[in-house]
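**Q**
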Amino acid sequence: MKRILSGIQPSGALHLGNYFGMMRPAVALQAEGDAFYFIADLHALTTVHDPAALRGHVRDTALDFLACGLDPARSCFFRQSDVPEVTELAWILSTAMPMSRLELAHSFKDKTARGLEASHGLLSYPVLMAADILLYDSDLVPVGRDQKQHLEITRDLAQRFNDRYGAPVLRLPEALIAESTAVVPGLDGQKMSKSYGNALELFAEEKALRKKVMGIVTDSTPVESPKPTEGSILLALHRLVASPEDAARMEDEHRAGGVGYGDFKKRLFAATWEYFAPMRAKRAEWAADPAAVDEVLRAGAAKARGVATEVLARVRQACGLR
Ligand code: AQP
Numbered sequence: 038m039k040r041i042l043s044g045i046q047p048s049g050a051l052h053l054g055n056y057f058g059m060m061r062p063a064v065a066l067q068a069e070g071d072a073f074y075f076i077a078d079l080h081a082l083t084t085v086h087d088p089a090a091l092r093g094h095v096r097d098t099a100l101d102f103l104a105c106g107l108d109p110a111r112s113c114f115f116r117q118s119d120v121p122e123v124t125e126l127a128w129i130l131s132t133a134m135p136m137s138r139l140e141l142a143h144s145f146k147d148k149t150a151r152g153l154e155a156s157h158g159l160l161s162y163p164v165l166m167a168a169d170i171l172l173y174d175s176d177l178v179p180v181g182r183d184q185k186q187h188l189e190i191t192r193d194l195a196q197r198f199n200d201r202y203g204a205p206v207l208r209l210p211e212a213l214i215a216e217s218t219a220v221v222p223g224l225d226g227q228k229m230s231k232s233y234g235n236a237l238e239l240f241a242e243e244k245a246l247r248k249k250v251m252g253i254v255t256d257s258t259p260v261e262s263p264k265p266t267e268g269s270i271l272l273a274l275h276r277l278v279a280s281p282e283d284a285a286r287m288e289d290e291h292r293a294g295g296v297g298y299g300d301f302k303k304r305l306f307a308a309t310w311e312y313f314a315p316m317r318a319k320r321a322e323w324a325a326d327p328a329a330v331d332e333v334l335r336a337g338a339a340k341a342r343g344v345a346t347e348v349l350a351r352v353r354q355a356c357g358l359r
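Okay, so the sequence shown: first residue is 38 according to our numbering, each after it adds one.
(1) Using a 10 Å radius around the Cβ and a threshold of 16 neighbouring Cβ atoms, would you call Gln184 buried or exposed?
(2) Considering only residues of the same chain and omitting the five flanking positions on each side of Ser262, which have a CB-CB separation below 7 Å?
(3) Does ligand 1 have a heavy atom nearer than 6 Å to the CB of Ser48?
(4) Using a threshold of 7 Å, state whether the C-beta atoms of Pro210 and Ser175 are closer than that.
(5) Take Leu53 as the anchor and find which of Arg353, Val164, Ala308, Trp323 has the nearest alpha-carbon.
(6) I need the boundaries of the beta strand (DSSP E) containing Ile45, first residue and last residue.
(7) Would you mind working out which of Pro121, Ala81, Ala212 sits nearest Gly343, comparing C-alpha positions?
(8) What is the DSSP secondary structure of Arg92, reduced to helix, strand or coil?
(9) Can you grab the Cα-Cα spacing for the pair Ala90 / Glu216, in whole Å?
(10) In the DSSP assignment, find the unbroken alpha helix (DSSP H) run with Leu305 in it and report its ends.
(11) What is the DSSP secondary structure of Pro62, reduced to helix, strand or coil?
(12) Below 6 Å CB to CB, which residues in the same chain sit around Ser112 once its five sequence neighbours on both sides are set aside?
(13) Tell me whether Met229, by its Cβ, gets closer than 6 Å to a heavy atom of ligand 1.
(14) Taking the straight line between their C-alpha atoms, what separation do you get for Pro265 and His291?
(15) May I have the straight-line CA-CA distance separating Val260 from Ala279, to the nearest angstrom?
(16) Fully enclosed by the region 64-144, which alpha helix (DSSP H) runs are 4 residues long or longer?
(17) Could you give the distance in angstroms between the alpha-carbon of Ala318 and the alpha-carbon of Asp289?
(18) Could you check the C-alpha separation between Leu160 and Ser118 for me, to the nearest Å?
(19) Spatial neighbours of His275 within its chain, please: C-beta separation below 8 Å, excluding the five flanking residues on both sides.
(20) In angstroms, rounded to a whole number, what distance separates the CA positions of His143 and Gln186?
(21) Looking at Val178 and Leu42, is the spacing between their C-beta atoms short of 7 Å?
(22) Heavy atom of ligand 1 less than 6 Å from the Cβ of Gly54, yes or no?
(23) Terminal residues of the continuous alpha helix (DSSP H) containing Glu282?
(24) Say whether the region 185-202 touches the region 127-135, bearing in mind that this needs 3 or more beta-carbon pairs closer than 8 Å, one atom from each stretch.
(25) Quick check on the burial criterion: 16 or more other C-beta atoms within 10 angstroms. Buried or exposed for Leu358?
(26) Find the nearest neighbour of Pro214 within the set Val220, Val180, Gly234, Gly152, judged by alpha-carbon distance.
(27) My understanding is that Leu239 touches Leu51, with C-beta atoms under 8 Å, so please give their C-beta distance in whole angstroms.
(28) Taking the alpha carbon of Arg92 as the reference point, which residue from Ala338, Cys105, Arg116, Pro62 has its own alpha carbon closest?
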């Protein structure tokens, strides 16, 4: 049975990009393999420096993922920091990681260009991510396209390690990228991101969500004129949450003219609100039972640690550590 693994950072409220890029494919894959999903709290330390905020984000991320269909009876769900073996593997892997490759990684360059401190943690993020994946002998990793390069680095690191010690110690994983939802655009047309202020959150309050949708910047085409469909953020987001018929209708109405952007935005809001209604209800059920959520994460960590200690023992043996 294939091992499927993916993680999500508790670095802010989860959004449509996280859902369509990673959570929805991850939930669907639960039926097809042995799924391990984790909350990447060690990674979040690169950007979240308030302990109360981090604890809150971890709790919210757990609730959001459970609400979106993560089934603890089928998947192992855990907090990254509950499996400390991952930091030891990250150190060992870092001895095989060329510095130049880290300095050129897109995510490091993007984040520092946006003013994030260029800490060693941010630079070595792909090494910890490689450890996250390799520690569980993962076969498949469902991710958005922004993580493609990190998966390539992971495979490369595993191969370097295996070559260095002359044995197939680490399993090489495959990225699984759902092409139609690989990059969900944010309200400004850039990749939707927790930290870019351009996200539609999955579980925002109704009023706040409506305000965000109504605030999407559009061009000044008059109501009666045809409107551009190419590169339209409204259409791209609506396609994700509307039925195929409603999505096609909105696209036709863009081409024909006669409907204003305000009307399209109202429909985008309504479709988004409706799409996530069952998940809001499920989230409220989990939120009412914090002990059950704690138990899911505790049991998940115990199972994950069982696998992690075996793989780490193999790695230690290969490189000559006791
Ligand atoms: N806009 C997106 N489109 C498709 N997939 C996306 N993902 C994130 N944004 C999009 C996917 O969601 C998973 C979890 O992401 P993450 O939280 O680990 O980190 P990230 O990719 O850096 O997400 P953010 O929202 O942009 O977080 P910040 O702003 O904190 O860095 C990943 O599989 C990712 O591909």
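Positions of the beta carbon are idealized from the N, C-alpha and C atoms, including for glycine.
**A** On the basis of the data shown:
(1) As a position in the sequence shown, residue 184 is number 147, starting the count at 1. Buried, since its Cβ has 16 or more Cβ neighbours within 10 Å.
(2) As a working mapping, residue 262 is identified with position 225 in the sequence shown. Excluding residues within five positions, the ones whose Cβ falls inside 7 Å are Gly294.
(3) Counted from its first residue, the sequence shown places residue 48 at position 11. It does: the Cβ of Ser48 is within 6 Å (strictly closer) of some heavy atom of ligand 1.
(4) The residue labelled residue 210 in the question sits at position 173 within the sequence shown. The residue labelled residue 175 in the question sits at position 138 within the sequence shown. In contact: Pro210 and Ser175 (Cβ atoms closer than 7 Å).
(5) Sequence index remark: in the sequence shown, residue 53 carries index 16 (1-based). Cα-wise, what sits closest to Leu53 is Ala308.
(6) Numbered from 1 along the sequence shown, position 8 holds the residue referred to as residue 45. Counting along the chain, the beta strand (DSSP E) containing Ile45 begins and ends at 40-45.
(7) Looking up residue 343 in the sequence shown gives position 306. Comparing Cα positions, the closest option is Pro121.
(8) For the purposes of this step, residue 92 is taken as the residue at position 55 of the sequence shown. Helix.
(9) Along the sequence shown, one-based indexing puts residue 90 at 53. Along the sequence shown, one-based indexing puts residue 216 at 179. C-alpha of Ala90 to C-alpha of Glu216: approximately 33 Å in a straight line.
(10) For this step, residue 305 is matched to residue 268 along the sequence shown. Here the alpha helix (DSSP H) through Leu305 covers 298-312.
(11) As a position in the sequence shown, residue 62 is number 25, starting the count at 1. Pro62: helix per DSSP, three-state reduction.
(12) In the sequence shown, counting from the first residue as 1, residue 112 sits at position 75. Closer than 6 Å at Cβ, skipping near neighbours: Gln67, Ala72, Tyr74.
(13) The count along the sequence shown starts at 1 and reaches residue 229 at position 192. Checking the Cβ of Met229 against ligand 1 gives yes.
(14) Walking along the sequence shown from the start, residue 265 turns up at place 228. Walking along the sequence shown from the start, residue 291 turns up at place 254. Each residue's Cα considered, the two are about 7 Å apart.
(15) In the sequence shown, the residue the question calls residue 260 occupies position 223. In the sequence shown, the residue the question calls residue 279 occupies position 242. Rounded to the nearest angstrom, the two C-alpha atoms are 22 Å apart.
(16) Qualifying alpha helix (DSSP H) stretches, in chain order: 78-81, 88-104, 122-131, 136-140.
(17) The sequence position of residue 318 within the sequence shown is 281, counting from 1. The sequence position of residue 289 within the sequence shown is 252, counting from 1. Spanning the two alpha carbons is a distance of roughly 33 Å.
(18) Residue mapping note: residue 160 aligns to position 123 of the sequence shown, counting from 1. Residue mapping note: residue 118 aligns to position 81 of the sequence shown, counting from 1. Our two residues, Leu160 and Ser118, have alpha carbons roughly 19 Å apart in a direct line.
(19) Walking along the sequence shown from the start, residue 275 turns up at place 238. Correct list, in chain order: Asp283, Ala284, Met287, Phe301, Arg304, Leu305, Ala308.
(20) The count along the sequence shown starts at 1 and reaches residue 143 at position 106. The count along the sequence shown starts at 1 and reaches residue 186 at position 149. Each residue's alpha carbon lies about 8 Å from the other.
(21) Start at 1 with the first residue of the sequence shown, and residue 42 comes out as number 5. Start at 1 with the first residue of the sequence shown, and residue 178 comes out as number 141. Val178 is positioned such that its CB atom lies closer than 7 Å to that of Leu42.
(22) Here residue 54 is taken as the residue at index 17 of the sequence shown, counted from 1. Yes, Cβ of Gly54 sits closer than 6 Å to a heavy atom of ligand 1.
(23) The residue labelled residue 282 in the question sits at position 245 within the sequence shown. Annotation: the continuous alpha helix (DSSP H) that includes Glu282 extends over 281-293.
(24) They touch, by the three-pair rule.
(25) Residue numbering aside, residue 358 sits at position 321 when the sequence shown is read from its first letter. By the beta-carbon neighbour count (other beta carbons within 10 angstroms, threshold 16), Leu358 is exposed.
(26) As a first step, residue 214 is located in the sequence shown; it is residue number 177 there, counting from the start. It should be noted that the sequence gives Ile, not Pro, for residue 214. Just measuring C-alpha positions, the residue of Val220, Val180, Gly234, Gly152 sitting nearest Ile214 is Val180.
(27) Here residue 239 refers to the residue found at position 202 of the sequence shown. Here residue 51 refers to the residue found at position 14 of the sequence shown. Contact between Leu239 and Leu51 holds: CB atoms are separated by about 5 Å, below the 8 Å threshold.
(28) As a first step, residue 92 is located in the sequence shown; it is residue number 55 there, counting from the start. When only C-alpha atoms are compared, the closest one is Arg116.
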